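In full-length UniProt numbering, the protein residues as written are 1 to 261.
Where a beta carbon is used, it is the ideal one built from N, C-alpha and C, also for glycine.
Owing to the predicted nature of the structure, the values given are computational and were not obtained by experimental measurement.
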């Protein structure tokens, strides 16, 4: 049957296999339950089986959703087979639910019998149990409860103390990080100011260099002009269009003065 369902849909086949595994686990679990005599162990076993039944119920719902999605894509015979499979799953699960209820009632009755009361209610049995206890037993029970309460309070104090320590350490770490961030911000401000000053200095140096270059170029032009005039005056001493350079007499006059001497 599982192979035929897998041929219809791989996802349906996978769900069917998971449900079959859970059914086998439930069957083995209830068989083991018969051999368990301790009520607490029976309760744990029943809780485990109840969890498996919840998972099985979820898978059956998922199986039903997949079947409804395939109703328009498969033929009526295939749809009928899938619905019958779903009904058989629900029927088998209900049988395990009935067993669970039966064993749960049995466990509850055993607990009632342990307290020596009637099957009228667990709360009434607790009242009967308390009324049958002696004063010493009541006092011992009260002291035990007080001790358990004190222990719970001590555990709570310990948790609170640890929480306070963690909070203090966290606050100290946050304070240190805040101070570190403040120092970083101050250093960034200093760096920004230094960069700004450096930029201004570079601009000033650039302006000075440009000025020096202009002055040097002007002096160079003046020197070249003076040298040019000197050369022209020496080459053409009688040229009246060129004014004499102060401090430089014409060569002819110098020769005349030398003759007179």
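How many angstroms separate the CA atom of residue i from the CA atom of residue j?
i, j, result
"residue 153", "residue 162", "14 Å"
"residue 55", "residue 5", "20 Å"
"residue 194", "residue 217", "34 Å"
"residue 143", "residue 151", "12 Å"
"residue 149", "residue 159", "15 Å"
"residue 208", "residue 220", "18 Å"
"residue 198", "residue 232", "50 Å"
"residue 121", "residue 21", "With a pLDDT of 43 at residue 121, under the threshold of 50, the modelled position of this residue cannot be trusted, and the question is left open."
"residue 72", "residue 97", "33 Å"
"residue 211", "residue 226", "23 Å"
"residue 174", "residue 181", "10 Å"
"residue 235", "residue 203", "48 Å"
"residue 48", "residue 89", "20 Å"
Among the candidates the options, whose CA atom is the shortest distance from the CA of residue i?
i, options, result
"residue 61", "98, 35 and 18", "18"
"residue 26", "208, 50 and 213", "50"
"residue 91", "75, 71, 53 and 74", "53"
"residue 95", "167, 214 and 30", "30"
Can you find the residues in the same chain that come closer than 8 Å, C-beta to C-beta, to residue i, ignoring five residues on each side of it along the sequence?
i, result
"residue 46", "33, 100, 103, 104 and 107"
"residue 66", "9, 11, 12 and 15"
"residue 43", "107"
Sorted by chain position, which residues of the same chain lie with C-beta nearer than 7 Å to residue i's C-beta, five sequence neighbours on each side aside?
i, result
"residue 228", "none"
"residue 213", "none"
"residue 256", "Below a pLDDT of 50, predicted positions are generally treated as unreliable, and residue 256, at 44, falls in that range; the measurement from the model is reported next regardless. Hits under 7 Å: none found."
"residue 74", "8"
Going residue by residue through the segment 33-99, where are the continuous alpha helix (DSSP H) segments of at least 4 residues, counting only ones entirely within it? Runs of the alpha helix (DSSP H) inside the segment 33-99: 39-70.
I want to know whether the segment 74-88 touches the segment 36-53 - three or more CB-CB distances under 8 Å. The segment 74-88 makes no contact with the segment 36-53; the number of CB pairs closer than 8 Å stays below 3.
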